[in-house]
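Engineer:
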Amino acid sequence: MLATKTVQTGLRRGTSSKLAASLCSAPPRCPNAARPQCHISIRSRPGLQHQILSRPLSTTCPLYKKKDKAAASGKGGKSSKGGNDHGSEASADAGSGAAADPHDMSSLEEALGKALERLKSDLSKLRTGGRFDPAVIEALPVHVDKKSGETHRLGDLAQVVGRPRALGVQIWEKDHIKAVVSAIQSSKYSLNPVVDKDNSSKYTVPIPPLTKETRMEILKTAQAASEHTNTAVKNARQAQQKKLRALQKTARPDDLRKAGDKMEKVAANATAEVKKIFEAAKKVITEQ
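Position one of the sequence shown corresponds to residue 1 (UniProt numbering), numbered consecutively onward.
1) Suppose you measure from the CA of residue 259 to the CA of residue 246; what does that come to, to the nearest Å?
2) Using beta-carbon positions only, say whether residue 263 and residue 240 come within less than 9 Å of one another.
3) Tell me, to the nearest whole angstrom, how far the beta carbon of residue 179 is from that of residue 144; I am working on the premise that it is less than 8 Å.
4) Quickly, what does DSSP pair residue 143 with across the bridge? List them, please.
5) Are the CB atoms of residue 219 and residue 127 within a distance shorter than 9 Å?
6) Could you pull out every unbroken alpha helix (DSSP H) segment of at least 4 residues lying fully inside the region 156–239, listed in chain order?
7) Okay, do the region 191–211 and the region 160–176 touch, 3+ Cβ pairs below 8 Å being the bar?
8) Does the structure place the region 115–125 close enough to the region 227–239 that three or more beta carbon pairs sit under 8 Å?
9) I think residue 292 touches residue 226, with their Cβ atoms under 8 Å apart; what is that distance to the nearest whole Å?
10) What is the C-beta distance between residue 138 and residue 153, in whole angstroms, given that I count them as a contact (C-beta under 8 Å)?
11) Name the two residues that bound the continuous alpha helix (DSSP H) containing residue 329.
12) Using 10 angstroms around the beta-carbon of residue 237, count the other beta-carbons present and answer buried if the total reaches 16, otherwise exposed.
13) Measure how close the beta-carbons of residue 183 and residue 141 come, nearest whole angstrom, since I'm counting them as under 8 Å.
14) What is the C-beta distance between residue 123 and residue 224, in whole angstroms, given that I count them as a contact (C-beta under 8 Å)?
15) Return helix, strand or coil for residue 122, following the three-state DSSP convention.
16) Whole-angstrom Cβ separation of residue 255 and residue 102, contact assumed at under 8 Å?
17) Once the 5 residues before and after residue 290 are set aside, which same chain residues still bring their CB inside 8 Å of it?
18) Shorter than 8 Å, the distance from the beta carbon of residue 114 to the closest heavy atom of the ligand PLP, or not?
19) Between residue 284 and residue 163, what straight-line distance do the alpha-carbon atoms span, to the nearest angstrom?
20) Assuming contact is defined by CB atoms lying nearer than 9 Å, are residue 242 and residue 267 in contact in what I supplied?
21) Does the beta-carbon of residue 193 have 16 or more other beta-carbons within 10 angstroms, so that it is buried, or is it exposed?
22) For residue 273, which residues from the same chain have a beta carbon less than 8 Å from its beta carbon, with the 5 sequence-adjacent residues on both sides left out?
What follows is the structure, encoded as structure tokens:
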């Protein structure tokens, strides 16, 4: 009976050892499948404490750091550093935007000032009453050589002086007399230069009185110039309004409201000035 138990114990011991070896040495069927750790206890001798042989079974394949990942991480570190730089620049820009004064209307006022000056310049070149701006004649193109197509500004070839009801033209070179006179005669102003008796290079250009039809054409030109200026005023106002909208997240609502009221006032004053300039020109054009 004792021998039988001894044999059975030996078989159990051999079976347990083989089972433990097979379980611990066998690879997992799926490297990605999660398995709990295997703990196998073997009773070596009767009466002794159980010895725990623990071997963790790896549930994942060995991880290798890829070169591209390493490079990416290195670049990422640099980019993060660069990102901090860009972030600081962006924050600086945001700070400058936050520091922008919504009440600053310098750009709007500059744009409106240029538009008004352009309107005054355009209207001054129009023929009004018995006056004629010499700059209009000076701006006429003169074809010096028709074969080559060479063209010069009349003001570069002659001097134009304003006189009561006339213009004086002094041509510098005799070779340009014919071309300059032809340019004045062919202009849309219906002018006819008269040569001076004592100087063949000097001409007098009489200013004929304005007819009703001519006055209406000049008035239409002046009105078109004023409308163009009003459009420029509206565009400048819209640009300023866009700037105020960009400050909605950084400026106080009360400041934006006051700045908007100021913007409307500046634009309204410019529109009123356009009307004033046009009315003054209209009065001169239509005077008898």
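Even glycine gets a Cβ: it sits at the ideal position worked out from N, Cα and C.
Structural biologist: Answer, in terms of the structure:
1) 13 Å
2) yes
3) 5 Å
4) 151
5) no
6) Those alpha helix (DSSP H) runs which fall completely within the region 156–239 and span 4+ residues are 177–185.
7) Touching, per the Cβ criterion.
8) yes
9) Residue numbering for the chain in the displayed model covers 1 to 288; residue 292 lies beyond these limits and cannot be assessed.
10) 7 Å
11) Residue 329 is absent from the model: the chain starts at 1 and stops at 288.
12) buried
13) Yes, residue 183 and residue 141 are in contact; Cβ-Cβ is about 7 Å, under 8 Å.
14) Not quite, the Cβ-Cβ distance comes to about 11 Å (not below 8 Å), so this is no contact.
15) helix
16) 5 Å
17) An answer regarding residue 290 cannot be provided, because it is not within the stretch 1 to 288 covered by the chain.
18) This structure simply doesn't include the ligand PLP, nor any ligand for that matter.
19) 18 Å
20) no
21) buried
22) 116
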